[in-house]
Amino acid sequence: MPAVSSVIVPYAAFLRVYEPLAAFPEPERAHWTRYAARGEAPTAQDELRRSLADLVPTPPVPVPIHESTEAFVAEVDGAVLICPWRTKLRSRLALQEAPDRFPAVLLDAALPPVVRKEAAADWEHWRERNPDARPWIRTAVWQVPVRWFTLFGDEERHYRPAGPAGPAELRYRTPMAQARRRVARALKALRESQDGGQLAAGLVDVGKWLEEFHPRSLVELDYGGLVHALSGPVLAGDHSAADLAAGIAALRAGDAEGARVAYARLSDRWGAVRNLQSAN
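Throughout the sequence shown, residue numbering follows UniProt numbering, covering 1 to 280 in sequence.
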């Protein structure tokens with residue numbers, strides 16, 4: 001059985017976009033320039049702890065009062081890239097999706113209906129004033145959506161086992177231009193094969209989201225808290241991006257059986273992970 005941590009929750013994976021400073025208008029660009037220069041960017045665990053703190057009060061605070069001024073920072077070839085947290089926006093979006101993710105009894109216990117109703121009304125007013133707002137971070141609980149792997153190649157996979165340096169880490173990073181090309185090629189193969197309708201629909205959504213960002217951005221897939229729900233051997237043997245690429249290549253070559261085998265590996269792997277959510 002995997003060693004599951006009771007400290008790091010939820011077991012979530014993240015798809016992030018880091019944009020160059022030039023992508024931000026002033027005065028936000030100046031803020032991020034100063035922010036990055038401090039060299040004290042918080043970690044994903046810092047963000048998680050702050051988010052969970054809002055659920056402790058009674059009643060809980062499903063959406064922060066103020067938008068976060070924090071971000072993740074990356075440096076590629078000397079260029080500083082910024083991934084704003086936008087915690088308030090992401091909390092609003094997550095609250096809209098909650099009824100589809102959780103049983104009503106559980107949701108009512110965690111977030112009483114009156115709290116959700118007030119937050120929903122506030123969201124509608126805010127959305128009218130900010131119709132173009134979009135998050136730099138997407139979150140998936142107890143899984144990595146298969147469509148996310150389309151953006152990456154196995155050679156971009158970075159795996160660090162748990163050890164003195166900290167917990168295990170599994171992530172992919174790729175330039176935005178490469179991610180967009182892979183989405184386009186995968187969609188072409190799926191449409192020509194007249195197969196994978198659900199995957200194609202998901203890819204269209206991801207592709208539209210990527211188009212919102214600067215072409216010199218960096219795209220990152222981080223297994224996040226999922227590493228605490230999976231054993232070391234499972235993580236070390238997880239090459240989901242390679243499996244998906246093999247399936248799409250098989251479709252392109254007209255090899256239906258090869259595509260089926262590749263997709264079966266993905267389905268079995270991530271089905272087992274999703275089953276952990278309801279395990280004792």
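All C-beta atoms in this analysis are idealised placements derived from N, C-alpha and C, irrespective of residue type, glycine included.
Predicted, not measured: the structure shown is a model, and the values here were computed from it.
One thing to note: ALA250 has its Cβ no nearer than 8 Å to the Cβ of ALA264. By the 16-neighbour rule on beta-carbons within 10 angstroms, SER217 is buried. Approximately 20 Å separates the beta-carbon atoms of LEU203 and ARG157; this is outside 8 Å, ruling out the contact. Secondary structure of PHE149 (DSSP, three-state): helix.
According to the DSSP secondary-structure assignment, THR139 is paired through a beta bridge with PHE14. Look at the beta carbons and you see the region 15 to 24 touching the region 75 to 94: at least three pairs across the two are nearer than 8 Å. In the displayed model, ASP255 falls within coil according to three-state DSSP, outside both helix and strand. In terms of CA proximity to ALA245, VAL183 leads the group PRO103, PRO164, VAL183, PRO10. Counting C-beta pairs with one atom in each stretch, the region 159 to 171 and the region 231 to 239 have three or more that are closer than 8 Å, which means they touch. In the structure shown, THR174 adopts extended strand secondary structure according to DSSP, grouped into three states.
With contacts defined by Cβ atoms closer than 8 Å, GLN277 and TRP142 form a contacting pair. Only residues of its own chain outside the window of five on either side were considered, and among them PRO215 have a CB closer than 7 Å to the CB of ALA177, listed in chain order. For GLY39, the secondary structure class from DSSP, reduced to helix, strand or coil, is coil.
Distance from the CA of TRP209 to the CA of VAL144, rounded to the nearest whole angstrom, comes to 17 Å.
If you look at PRO215, you'll find it isn't in any alpha helix (DSSP H); DSSP assigns it neither H nor E.
By the neighbour-count definition (other C-beta atoms within 10 Å, threshold 16), ARG49 is an exposed residue. Here the C-alpha atom of PRO164 lies approximately 39 Å from the C-alpha atom of LEU199.
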